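Notes follow the structure.
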Amino acid sequence: MNIYDVSKKANVSIATVSRVLNGNPNVSDKTRAKVLEVMDELGYTPNVFARGLGLNTIHTIGIMCSDSSDLYLADAIYYLERDLRANGYDVILCCTGYELETKQKYFDLLCSKRVDAIILAGSKFVEMRPKDNAYLLDGAKNIPIMLLNGFLEGHNIYSTVCDDLAATYDAATQLIQSGQRKILYLYTSTSYSGGNKLKGYQNALADAGICLGAEYVRQCAKDITAAKELLLSLHAQGLEFDAVLASSDNLAAGAVKFAHGLNIRIPDQLSVIGYNNSILARCTEPELTSVDSKVEALCTTTVNTLMGVFNGMNVPSRTTIAADLIKRATTNF
């Protein structure tokens with residue numbers, strides 16, 4: 065069943081059917097009703113991509129994420145899709161992994177589908193070398209590029225970010241004020257977000273006059289068991305720490321398991337703070353104090369900004385949202 069069948073059955077031109085599909089006002093109500101009735105009778109569903117050729121829009125947004133199994137990104141995809149659907153837009157999701165070549169491949173694929181915009185969920189899409197971001201800058205010449213918790217300066221590129229630096233600064237400061245001095249920092253990546261989190265921790269220690277060696281900053285895979293094993297290794301080597309501040313709840317949950325294994329009391333002997341306030345924060349025993357990075361607010365703001373771009377409004381190229389520290393049983397402040 066195609067547009068030609070609808071045209072023949074309704075006894076109108078193909079151009080008239082096309083105008084009805086595209087919402088063109090230059091069609092009488094009587095003719096429009098007749099064409100829609102025939103479409104319903106024949107069970108005709110227009111091809112969204114073919115329709116978009118005439119409208120210069122297919123009402124579809126591309127979303128790229130590195131790993132949809134990641135709790136933070138899974139939540140982000142849900143909220144983005146929900147808010148885009150509420151605004152009348154469909155979604156094409158691409159899970160890219162972390163290799164630059166694959167990211168570029170999926171970006172080009174979405175562009176070839178003539179999507180109306182592309183949302184990059186997570187901070188792993190902005191590369192350290194400027195030349196590796198050239199494909200994003202080039203793509204932004206044709207469609208809006210939205211960064212969710214990542215930042216890249218460029219025309220038609222819009223970023224919505226959590227204030228990760230202030231969040232970890234506040235978390236580390238509260239640990240210090242509650243008596244912790246040997247705060248171990250665990251992180252997963254050196255992305256834009258990851259770099260800001262690390263800087264917040266370092267600034268808090270510096271402002272408190274605390275000087276810790278490089279051994280107190282450790283990179284670890286975003287995995288509960290990997291974090292537990294790392295802490296067991298550091299403990300066996302004689303590294304003393306009275307608190308763990310982690311860049312994700314996965315790592316913080318590993319710290320809780322480490323403490324349980326050695327009968328270290330939480331929070332009396334070891335304080336633990338996670339990040340993202342994910343479901344993991346409520347699954348540990350005791351429950352995790354965690355930074356709420358406001359993923360839902362980030363997603364809603366990203367979609368609202370995009371709708372503003374589509375409507376020709378003057379929207380900011382960068383929006384920053386403050387995080388909250390959700391205090392639970394792994395800290396004593």
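The numbering used here puts the first residue of the sequence shown at 65, with every later residue one more than the last.
A virtual CB, placed ideally from N, CA and C, is assigned to each residue, including glycine.
Note that the structure is a prediction, hence the values are computed from the model and not measured.
Whole-Å CB distance - Leu-315 paired with Thr-252, under 8 Å assumed: 7 Å
Minimum C-alpha distance to Ile-207 - residue among Ser-133, Ile-125 and Leu-148: Ile-125
Helix, strand or coil at Tyr-143 according to DSSP, with G and I counted as helix: helix
Opening and closing residue of the beta strand (DSSP E) in which Gly-126 lies: 124-129
Own chain residues within Cβ distance below 6 Å of Val-281, not counting five before or after: Tyr-249
Beta-carbon spacing of Val-155, Glu-163 below 8 Å: no
Cβ shell of Tyr-233 (< 6 Å), same chain only, five flanking positions each side left out: Gly-264, Asn-267 and Ala-268
Sequence-distant residues of the same chain with beta carbon closer than 6 Å to Ala-307, five excluded per side: Leu-239, Gln-244, Ile-247 and Ser-335
CA-to-CA distance, Glu-351 to Ser-130, given in whole angstroms: 28 Å
Helix, strand or coil at Ser-354 [DSSP, three-state]: strand
Beta-carbon contacts of Val-367 that lie in its chain and below 7 Å, excluding the five residues immediately before and after: Leu-144, Asp-147, Leu-148 and Asn-151
Identified DSSP bridge partners for Asn-210: In the sequence as presented, Asn is not what sits at residue 210; that position holds Met. Answer is Ile-183 and Tyr-222, bridged to Met-210.
Residues sharing a beta bridge with Thr-369, DSSP: Paired residues: none, contrary to the question.
CB of Leu-184 within 8 Å of CB of Leu-201, strictly: no
Distance between beta carbons of Thr-383 and Thr-365, contact taken as under 8 Å: 6 Å
C-beta atoms of Ala-345 and Cys-226 nearer than 8 Å: no
Assigned secondary structure, Asp-104 (DSSP; H/G/I helix, E/B strand, else coil): helix
Distance, Pro-380 Cα to His-299 Cα: 47 Å
Beta-ladder partner(s) of Cys-158, from DSSP: Met-128
Assigned exposure category for Ile-78 - 16 Cβ within 10 Å defines buried: exposed
Three or more C-beta pairs below 8 Å linking the region 211-222 and the region 317-327: no
Contact belief for Val-84 with Leu-100 at Cβ below 8 Å, rounded distance in angstroms: 7 Å
Expected contact under 8 Å - CB spacing of Thr-395 and Pro-331 to nearest Å: 5 Å
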